[in-house]
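Colleague: Residue numbers (UniProt numbering): 1 to 394.
All residues carry an ideal CB built from backbone N, CA and C; glycine is no exception.
Every value quoted in this text rests on a predicted model; they were computed, and no experiment measured them.
Would you mind keeping the following structure in view while I ask a few things?
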């Protein structure tokens, strides 16, 4: 609503919402970022027009003055420093010097989202709207973005589930719940503490008022038909009517994950790569003598820059890719579940969650959505909705 100005935003406030990847064409990445500053682009375009007219002898007298004015404006906005500033932003988001000169059509969707973010940062709007900006970033790019936004000169409104990111950049938290907005000063950790204190006080006030109401109601019920106490009863009734209506605290859903017992205890290692080499092109080796193993108690986090080969390593572990050299070992009874970074692209968005799981795991559909292990994920009414209508799926 903010992005479309459905909510009232002063006309002089420039606003930019990063939500869609940059369309691919022959424009180099660096040039695409530079073009996001429309003020600079308009001035440069006009400067070229006037310079051409003057050089061709078609000037009518005022062109020189106009050109001088444009040069002054270009100097004021430091237009000559723009390419360097754009390059710094792209580098921070993971673009190498070579990538900065590549046409945008050569980039994947994830990199085009980074490019869209770079364009927004370069344009420096008065109000920057970011929706899950860290989703497509690696650790290094996230840390760079945190540092960059800490010195951002104007207002940022960000939606994020990245706790560390919010702690790094947030000065205020807006909590959306129960069809209302509550504001808190401070970062995410401060918000958690403040919210708990606020809810505790709210519940105490509610319980105290309920006790007070009950005390008054007991008096009313006792003397309702006593003529000598009629005036007092009426007074108590008016007191009840004037009391503000306090509501109990809405209890937030607590997610408790329970995994079934009875798993077979496999002997370690259950999954292993031993001295593995892998490449698509012998001139560009991705892994050389890679060794990694996991047992039932392993909780492994793989970090690295985009393009370093993290997804490739997972595919080697799953057996989707075969090593050029070396050995992959997996326990004969091992079952692997894989949640891909491109999982949405693999879903049929026209079916419901129940239908999707019924296809994958044939069983009575009610066993899924009535199962306490899974109902916390979906509100029951959303179990039968098409995936395309569910927030966060598309």
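Start and end of the alpha helix (DSSP H) containing residue 84?
Modeller: For the purposes of this step, residue 84 is identified with residue 84 of the chain shown, where counting begins at 1. That run of the alpha helix (DSSP H) goes 82-92.
Colleague: Mapping DSSP to helix, strand and coil, what is residue 211?
Modeller: What you label residue 211 is simply residue 211 of the chain shown in a count that begins at 1. Looking at residue 211 - three-state DSSP - the assignment turns out to be helix.
Colleague: Evaluate the contact criterion for the region 262-277 versus the region 235-250: three or more CB pairs, one atom per stretch, below 8 Å.
Modeller: Result no; under three Cβ-Cβ pairs closer than 8 Å.
Colleague: Where residue 269 and residue 292 are concerned, what is the direct C-alpha to C-alpha distance, given to the nearest angstrom?
Modeller: Taking the first residue of the chain shown as position 1, residue 269 is located at position 269. Taking the first residue of the chain shown as position 1, residue 292 is located at position 292. Using only the alpha carbons, I get a separation of about 10 Å.
Colleague: Between the alpha carbons of residue 18 and residue 236, how many angstroms are there, rounded?
Modeller: On the chain shown, residue 18 is found 18 positions in, with the first residue counted as 1. On the chain shown, residue 236 is found 236 positions in, with the first residue counted as 1. So the alpha carbons of these two residues sit roughly 57 Å apart.
Colleague: Using DSSP's beta-bridge definition, name the partner residues of residue 28.
Modeller: As a first step, residue 28 must be located in the chain shown, where it is residue number 28. For residue 28, which the question treats as bridged, DSSP gives the partners 103.
Colleague: Label residue 111 either buried or exposed according to how many other C-beta atoms from any shown protein chain fall within 10 Å of its C-beta, with 16 as the threshold for buried.
Modeller: Here residue 111 refers to the residue found at position 111 when the chain shown is read from its first residue. It counts as buried.
Colleague: Excluding five sequence neighbours on each side, which residues of the same chain lie with their C-beta closer than 7 Å to the C-beta of residue 174?
Modeller: Indexing the chain shown from 1 puts residue 174 at position 174. Closer than 7 Å at the Cβ level, and outside the excluded window around residue 174, lie 181 and 183.
Colleague: For a quick check, are the C-beta atoms of residue 63 and residue 50 less than 8 Å apart?
Modeller: On the chain shown, residue 63 is found 63 positions in, with the first residue counted as 1. On the chain shown, residue 50 is found 50 positions in, with the first residue counted as 1. Against a cut-off of 8 Å, the Cβ pair of residue 50 and residue 63 comes out as a contact.
Colleague: For residue 36, count neighbouring Cβ atoms within 10 angstroms of its own Cβ and tell me buried if that reaches 16, exposed if not.
Modeller: For the purposes of this step, residue 36 is taken as the residue at position 36 of the chain shown. Under this definition residue 36 is a buried residue.
Colleague: Count the other CB atoms, across all protein chains shown, that sit within 10 Å of the CB of residue 257; report buried if there are 16 or more and exposed otherwise.
Modeller: Reading the chain shown from its first residue, position 257 is the one you call residue 257. Residue 257 comes out exposed.
Colleague: Taking the DSSP output, what are the residues bridged to residue 403?
Modeller: The structure shown does not extend to residue 403, since the chain is modelled only from 1 through 394, so no value can be given for it.
Colleague: Are residue 103 and residue 30 closer than 8 Å when you measure CB to CB?
Modeller: Along the chain shown, read from residue 1 onward, the residue named residue 103 stands at position 103. Along the chain shown, read from residue 1 onward, the residue named residue 30 stands at position 30. Not a contact, by the Cβ cut-off of 8 Å.
Colleague: Buried or exposed: residue 105, going by 16 or more other Cβ atoms within 10 Å of its Cβ?
Modeller: Here residue 105 refers to the residue found at position 105 when the chain shown is read from its first residue. Exposed, by the Cβ-count rule.
Colleague: So what's residue 42 in DSSP terms, helix, strand or just coil?
Modeller: Numbered from 1 along the chain shown, position 42 holds the residue referred to as residue 42. Residue 42: helix per DSSP, three-state reduction.
Colleague: Give the straight-line distance between the Cα atoms of residue 195 and residue 186, rounded to the nearest whole angstrom.
Modeller: For this step, residue 195 is matched to residue 195 along the chain shown. For this step, residue 186 is matched to residue 186 along the chain shown. The straight-line gap from Cα to Cα measures roughly 11 Å.
Colleague: Quick one: residues in its chain with C-beta nearer than 7 Å to the C-beta of residue 188, no 5 flanking neighbours on either side, listed in chain order?
Modeller: Position 188 of the chain shown, counted from the start, is the residue given in the question as residue 188. So the qualifying residues of the chain are 163, 166, 167, 170 and 173.
Colleague: By the three-class DSSP mapping on this structure, what secondary structure does residue 278 have?
Modeller: Along the chain shown, read from residue 1 onward, the residue named residue 278 stands at position 278. Residue 278: strand per DSSP, three-state reduction.
Colleague: Please report the distance separating the alpha-carbon of residue 316 from that of residue 335.
Modeller: Stepping through the chain shown from its first residue, residue 316 is reached at position 316. Stepping through the chain shown from its first residue, residue 335 is reached at position 335. Each residue's alpha carbon lies about 15 Å from the other.
Colleague: What residues match up with residue 184 in a beta bridge as DSSP calls it?
Modeller: On the chain shown, position 184 is the one that residue 184 refers to. Its beta-bridge partners are 173.
Colleague: Could you check the C-alpha separation between residue 259 and residue 218 for me, to the nearest Å?
Modeller: Position 259 of the chain shown, counted from the start, is the residue given in the question as residue 259. Position 218 of the chain shown, counted from the start, is the residue given in the question as residue 218. Those two C-alpha atoms are separated by around 49 Å.
Colleague: Output the boundary residues of the beta strand (DSSP E) element that contains residue 156.
Modeller: Here residue 156 is taken as the residue at index 156 of the chain shown, counted from 1. From DSSP, the beta strand (DSSP E) with residue 156 extends over 155-159.
Colleague: Tell me the rounded alpha-carbon separation between residue 116 and residue 22.
Modeller: Taking the first residue of the chain shown as 1, we reach residue 116 at position 116. Taking the first residue of the chain shown as 1, we reach residue 22 at position 22. Cα to Cα, the separation comes out at about 5 Å.
Colleague: Let's test the definition: count the other Cβ atoms within 10 Å of the Cβ of residue 120 and tell me whether it reaches 16, buried, or not, exposed.
Modeller: For the purposes of this step, residue 120 is taken as residue 120 along the chain shown, with counting starting at 1. Label assigned to residue 120: buried.
Colleague: Sort 118, 57 and 205 by Cα distance to residue 149 and report the nearest one.
Modeller: Taking the chain shown and counting its residues from 1, one reaches residue 149 at position 149. Per the Cα distances, 118.
Colleague: Could you check the C-alpha separation between residue 350 and residue 358 for me, to the nearest Å?
Modeller: For this step, residue 350 is matched to residue 350 along the chain shown. For this step, residue 358 is matched to residue 358 along the chain shown. Residue 350 and residue 358: Cα-Cα distance of roughly 14 Å.
Colleague: Whether or not the region 133-140 and the region 91-102 are in contact is what I'm after, with contact meaning three or more pairs of Cβ atoms, one per stretch, closer than 8 Å; do they touch?
Modeller: With a cut-off of 8 Å, the region 133-140 and the region 91-102 count as touching, because enough Cβ pairs lie within range.
Colleague: Can you look up residue 218 in the DSSP assignment and give me helix, strand or coil?
Modeller: The residue labelled residue 218 in the question sits at position 218 within the chain shown. Helix, per DSSP.
Colleague: How many angstroms separate the CA atom of residue 238 from the CA atom of residue 179?
Modeller: In the chain shown, the residue the question calls residue 238 occupies position 238. In the chain shown, the residue the question calls residue 179 occupies position 179. Cα-Cα distance, rounded: 31 Å.
Colleague: Taking a contact to mean a Cβ-Cβ separation below 8 Å, would you say residue 323 touches residue 261 in this structure?
Modeller: Indexing the chain shown from 1 puts residue 323 at position 323. Indexing the chain shown from 1 puts residue 261 at position 261. No, the pair does not count as a contact, with Cβ atoms beyond the cut-off.
Colleague: Could you tell me which residues DSSP pairs with residue 352 in its beta bridges?
Modeller: As a first step, residue 352 is located in the chain shown; it is residue number 352 there, counting from the start. Answer is 386.
Colleague: Which of the three DSSP states is assigned to residue 95 in this structure?
Modeller: For this step, residue 95 is matched to residue 95 along the chain shown. In this structure, residue 95 counts as coil in the three-state DSSP scheme.
Colleague: What is the rounded straight-line gap between the Cα of residue 312 and the Cα of residue 107?
Modeller: Within the chain shown, numbered from 1, the residue matching residue 312 stands at position 312. Within the chain shown, numbered from 1, the residue matching residue 107 stands at position 107. Near 18 Å, if we compare the C-alpha coordinates of residue 107 and residue 312.
Colleague: Skipping 5 residues on each side, what residues in its chain have a beta carbon closer than 6 Å to that of residue 74?
Modeller: Translated into the one-based positions of the chain shown, residue 74 becomes position 74. So the qualifying residues of the chain are 43.
Colleague: Please list the segments of the beta strand (DSSP E) lying wholly inside the region 108-139, counting only runs of 3 or more residues, in order along the chain.
Modeller: DSSP runs (the beta strand (DSSP E)) wholly in the region 108-139: 127-131.
Colleague: Counting along the chain, where does the alpha helix (DSSP H) carrying residue 67 start and finish?
Modeller: As a working note, residue 67 is residue 67 in the chain shown. Element bounds for residue 67: 63-76.
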